[in-house]
Amino acid sequence: MGNPKQKWTAEEEEALRAGIAKHGTGKWKNIQKDPEFNRFLYSRSNIDLKDKWRNMSVAANGQGPREKSRTPKPKTDSPATPLAIQQAPGSSPPVEVDPVTTDVHMDDASKCLLDGKTASKYNAMIYEALSTLKDPNGSSTSEIVCFIEKRHEVPQNFRRLLTSRLRRLVAQEKLEKVQNCYRLRMDVLNGTKGPSPKPKEIWPRPSIPFNSHLGETLEDAAVAAAYKVAEAENKSFVAAEAVKEAERVSKMAEEAEAFLHLAKEIYERCSHGEVVMVA
DNA sequence: ATTAGGGTTAGTG
DNA sequence: CACTAACCCTAAT
1 MGNPKQKWTA
11 EEEEALRAGI
21 AKHGTGKWKN
31 IQKDPEFNRF
41 LYSRSNIDLK
51 DKWRNMSVAA
61 NGQGPREKSR
71 TPKPKTDSPA
81 TPLAIQQAPG
91 SSPPVEVDPV
101 TTDVHMDDAS
111 KCLLDGKTAS
121 KYNAMIYEAL
131 STLKDPNGSS
141 TSEIVCFIEK
151 RHEVPQNFRR
161 LLTSRLRRLV
171 AQEKLEKVQN
181 CYRLRMDVLN
191 GTKGPSPKPK
201 EIWPRPSIPF
211 NSHLGETLED
221 AAVAAAYKVA
231 EAENKSFVAA
241 EAVKEAERVS
251 KMAEEAEAFL
261 HLAKEIYERC
271 SHGEVVMVA
């Protein structure tokens with residue numbers, strides 16, 4: 001009972017970030033066991049780390065906090081490469097195809113236990129409700145609950161389940177949330193759920209809580225070095241991204257200039273009375 | 001043994 | 001009451 005809820009401290013969060021920078025996402029146990037991160041994370045389980053990272057990711061994803069516009073959509077790195085950072089941008093499919101998008105078939109009889117299929121079932125109900133209600137501004141939780149209750153038998157705590165589901169679907173970019181209302185996303189509806197709005201894969205700020213007094217012991221020094229390496233790796237990754245962006249912008253500039261040139265030429269000719277056809 | 005992801009609950013506004 | 005963050009459960013690997 002003396003265990004209400006242990007809020008994550010900033011130090012723990014930083015340790016987690018640093019741990020991910022060093023070991024990669026998905027290596028929760030490694031991070032947790034790492035003697036140095038363990039100094040901060042000893043009271044957290046690998047599952048706690050995973051959950052926390054998920055929370056941080058979601059917060060950075062949706063319309064959460066304005067500050068954190070980072071989009072760490074981490075994909076497990078290949079087990080063959082112990083190197084920390086080696087993620088190819090555009091290689092992770094954060095939104096997988098949902099097989100129940102249009103399936104609204106559900107017999108009341110098929111209500112068993114809350115197995116893995118429950119989620120899809122609820123998803124289907126939600127899609128059914130939203131696609132029937134067709135409210136351009138979205139439908140509120142209550143409206144959705146009402147709709148579903150009329151058509152299906154639902155458990156007592158359904159509202160809770162539903163809000164949880166809705167939240168998840170929003171996080172998965174399958175639904176849009178405006179105000180307190182939810183609606184289907186166009187790209188999901190059209191089946192154009194292409195690889196599209198894949199946010200850039202930038203790691204969360206790798207700033208690490210360095211101890212100012214480095215090198216007290218050999219171990220400390222080693223740890224400090226590890227931190228440095230992790231940070232450097234992160235920086236190089238971010239730098240690489242920046243270079244790509246710069247190249248893209250410069251290309252755009254080139255194109256714009258060419259366009260301007262063309263416009264000038266046309267203007268020139270027009271002012272000489274020529275008739276210019278533009279394709 | 002661990003991880004990923006769905007579900008539950010305490011805490012807050 | 002709605003929402004979020006921490007915590008729990010379990011299938012899958």
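When you line the first sequence up against full-length UniProt numbering, it's residues 1 to 279, in that order.
For glycine and all other residues, C-beta sits at the position ideal for the given N, C-alpha and C.
- In this structure, the beta-carbon distance from Tyr-122 to Leu-161 falls below 8 Å.
- Assignment of Val-154 by DSSP, reduced to helix, strand and coil, places it in the coil class.
- Remark: C-beta atoms of Gln-6 and Ser-57 do not approach each other more closely than 8 Å.
- Annotated as proximal: Phe-40 and Ala-15, with beta-carbon spacing under 8 Å.
- Val-178 has Cys-181 as its beta-bridge partners, per DSSP.
- In this structure, Leu-130 and Ser-139 form a Cβ contact; the two beta carbons are roughly 6 Å apart against a cut-off of 8 Å.
- Between the alpha carbons of Asp-135 and Val-170 lies a distance of about 17 Å.
- Between Ile-126 and Arg-165, the gap from beta carbon to beta carbon is short of 8 Å.
- Of Pro-35, Val-145 and Asn-46, the smallest CA-CA separation from Thr-25 is found for Asn-46.
- The beta carbon of Lys-177 sits closer than 6 Å to the beta carbons of Val-170 from its chain, once the five residues preceding and following it are set aside; these are given in chain order.
- Judged by DSSP secondary structure, Gly-19 falls within the alpha helix (DSSP H) whose first and last residues are 10-23.
- Annotation for Ser-142: no residue places its beta carbon closer than 8 Å to its own, counting only its chain and skipping 5 residues before and after.
- Residues of the same chain with a CB within less than 8 Å of the CB of His-23, apart from the 5 flanking positions on each side, are Asn-30, Ile-31, Asp-34 and Ala-84 in chain order.
- Beta-bridge partners of Ser-131 (DSSP): none assigned.
- A distance below 6 Å between beta-carbons, with the five flanking residues on each side excluded, links Asn-180 to the following residues of its chain, in chain order: Ser-140.
- The residues Thr-141 and Val-145, in chain order, have a CB closer than 8 Å to that of Arg-159 in the same chain once the five nearest residues on each side in sequence are set aside.
- Taken through DSSP and simplified to helix, strand or coil, Ser-45 comes out as coil.
- The alpha-carbon of Val-154 is positioned some 14 Å away from that of Thr-163.
- Where Asn-137 is concerned, there is no enclosing alpha helix (DSSP H), because DSSP gives it neither an H nor an E.
- By a beta-carbon distance limit of 8 Å, Lys-52 contacts Trp-8. Their separation comes to about 6 Å.
- Across the structure, Asn-137 and Arg-151 are spaced so that their CA atoms are roughly 22 Å apart.
- Cβ neighbours of Asp-48 within its own chain (closer than 7 Å, five residues either side excluded): none.
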